[in-house]
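Data block below; observations after.
Residue numbers (the working numbering): 7 to 454.
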């Protein structure tokens with residue numbers, strides 16, 4: 007029995023020793039395996055993969071990225087792990103992340119997610135998605151009235167200076183150009199309303215396309231010769247109420263309203279208050295309205311000559327009551343209305359009844375009346391009163407054929423009245439006309 011017990015005890019001891027030995031070998035094997043893996047992890051140059059382990063990445067265990075011991079095909083860009091569709095369970099974009107692309111390293115570094123270096127190039131949303139005063143700095147209380155497209159005026163590298171685009175402004179000009187938010191009207195600005203855009207443009211303050219409808223002051227408050235053009239040195243003597251005569255569209259023509267005048271013209275048109283009779287004015291009384299109208303001084307055509315008896319012009323036009331014959335006037339005993347009309351002294355139209363013709367307009371009285379009087383000294387008195395009396399010296403026989411062969415020409419006496427016909431005959435009998443030539447010359451023509 008004792009022998010049996012000893013044998014059994016020895017067997018149990020052996021089994022224990024074998025178990026301890028196997029356990030020791032297992033521990034040794036695991037230690038060697040761990041040591042081998044540690045050495046591999048320590049000695050492997052990860053840079054050879056093309057993905058450098060920097061920052062937080064250098065402190066991660068291999069299986070953080072290489073799941074299930076799979077190394078091949080592991081993503082090498084940010085979005086492969088951190089993108090919303092990434093297969094590796096790691097930190098991803100939060101729901102309230104700004105709208106952006108998937109290139110995390112555009113803004114973040116491998117050291118930490120926090121303290122992002124903001125690169126607006128990667129932003130896909132609009133500025134206001136972030137710059138709304140909650141996620142990031144938005145429009146301050148003193149910002150001009152505008153819509154929410156920040157990038158129409160601002161740049162991503164700095165809020166100021168803003169490249170201002172007025173098309174984005176929803177408020178009025180004065181809401182900003184009030185001298186506080188932005189430059190407003192200067193101290194010497196003309197008196198006007200605050201609707202800047204009525205005169206100014208967004209590209210520049212000057213030149214202003216002036217709209218007088220917004221001016222609240224009087225004309226002379228600006229048109230004083232300093233702020234804006236005032237009365238010129240040769241302006242008529244007048245008050246300073248410009249708008250009585252002028253319009254805002256143009257200085258001239260001036261449209262003075264005489265209908266409100268209750269006194270005679272000379273009360274103003276006396277050379278002091280307003281222009282009066284000039285030095286060359288005809289001798290006359292001071293009732294301007296007898297001849298002139300309020301719309302213009304000239305022509306003075308309002309004197310009613312129809313009441314004047316024909317042939318009595320000199321009763322007034324004697325140089326005293328009205329203008330008379332000037333020095334050098336044609337010497338004649340005729341009445342004024344024999345040559346002149348009541349509408350104008352110029353361009354007299356005397357009809358020469360004795361000659362039965364009227365010369366062209368370029369012929370003046372002195373062309374014939376060389377002594378400047380009604381007496382005419384003809385060059386060839388024997389031909390008077392026909393054309394040849396003056397024009398015989400201009401006669402040429404060549405163009406005035408009477409017969410071609412043998413050549414016979416008209417004489418001056420035959421054609422003394424230049425307006426008659428000068429036919430060409432077949433022979434010297436002058437009985438058969440070979441070629442008809444009707445009147446070639448007329449006193450109204452410009453030349454021969």
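Beta carbons: idealized from backbone N, C-alpha and C, even for Gly.
Cα-Cα separation, residue 44 to residue 130: At residue 44 the pLDDT is 47, less than 50, meaning the model places this residue with poor confidence; the figure from the coordinates comes in the next sentence. Cα to Cα, the separation comes out at about 44 Å.
Considering only the alpha carbon of each residue, which of 450, 119, 399 lies closest to residue 370? 450
Express the C-alpha separation of residue 385 and residue 409 in angstroms, rounding to a whole number. 29 Å
Excluding the five sequence neighbours on either side, which residues of its own chain have a C-beta within less than 6 Å of the C-beta of residue 254, listed in chain order? 218
Where the beta strand (DSSP E) through residue 409 begins and ends: 407-409
What do you reckon, are the CB atoms on residue 393 and residue 372 nearer than 8 Å? no
By alpha-carbon positions, which one of 388, 213, 297, 233 ends up nearest to residue 349? 297
Taking the CB atoms as reference points, tell me whether residue 377 and residue 338 lie closer together than 8 Å. no
Do you know how far the Cα of residue 151 is from the Cα of residue 55? 55 Å
Residue range of the beta strand (DSSP E) that residue 441 falls in? 439-441
Go through the segment 393-431 residue by residue and report every complete run of the alpha helix (DSSP H) that reaches 4 residues or more, in order. 394-397
Pick helix, strand or coil for residue 139, following the three-state DSSP scheme. coil
As an exercise, report each continuous beta strand (DSSP E) stretch of at least 3 residues that is fully enclosed by the segment 280-355, in chain order. none
To the nearest angstrom, how far is the alpha carbon of residue 263 from that of residue 274? 13 Å
Which listed residue (84, 299, 324) has its alpha carbon closest to that of residue 6: With the chain covering only 7 through 454, there is no way to say anything about residue 6.
Would you call the segment 190-209 and the segment 163-179 in contact, with 3 or more CB pairs under 8 Å? yes
Exposure label - residue 418; buried when at least 16 CB within 10 Å: buried
What is the residue span of the alpha helix (DSSP H) that residue 251 lies within? Taken as a continuous stretch (DSSP letters only), residue 251 belongs to no alpha helix (DSSP H), as it is neither H nor E.
Can you look up residue 25 in the DSSP assignment and give me helix, strand or coil? helix
Supposed contact pair residue 270 and residue 293 - C-beta distance, whole angstroms, cut 8 Å: 7 Å
Could you check which residue in 118, 312, 106, 123 has the C-alpha nearest to that of residue 135? 106
Check this for me: beta carbons of residue 108 and residue 89, under 8 Å apart or not? yes
How about residue 329 and residue 335: do their beta carbons lie closer than 8 Å? no
Between the CA atoms of residue 91 and residue 125 - distance to the nearest angstrom: 23 Å
Start and end residues, alpha helix (DSSP H) containing residue 86: 84-88
Note down the Cα distance separating residue 399 from residue 389, rounded to an integer number of angstroms. 12 Å
Could you please give the first and the last residue of the uninterrupted alpha helix (DSSP H) stretch that includes residue 433? Run containing residue 433: none; DSSP gives neither H nor E here.
Please tell me whether residue 429 and residue 414 are closer than 8 Å, where the distance is taken between their beta carbons. no
With 16 other Cβ atoms within 10 Å as the buried cut-off, status of residue 407: buried
Tell me which same chain residues have a C-beta within less than 6 Å of the C-beta of residue 41, skipping the five on either side of it? With a pLDDT of 49 at residue 41, under the threshold of 50, the predicted position of this residue should be treated as unreliable, though the coordinate-derived value follows. Contacts found: none.
Expressed to the nearest angstrom, what Euclidean distance is found between the alpha-carbon atoms of residue 194 and residue 225? 15 Å
For residue 71, report the span of its alpha helix (DSSP H) as first-last. 68-71
Taking residue 311 as the reference, give the member of 63, 103, 287, 342 with the closest Cα. 342
By how many angstroms is the C-alpha of residue 140 removed from the C-alpha of residue 196? 44 Å
Status (buried if at least 16 other CB within 10 Å, exposed otherwise) for residue 183: buried
Going by Cα to Cα distance, which pick from 436, 424, 154 is closest to residue 405? 424
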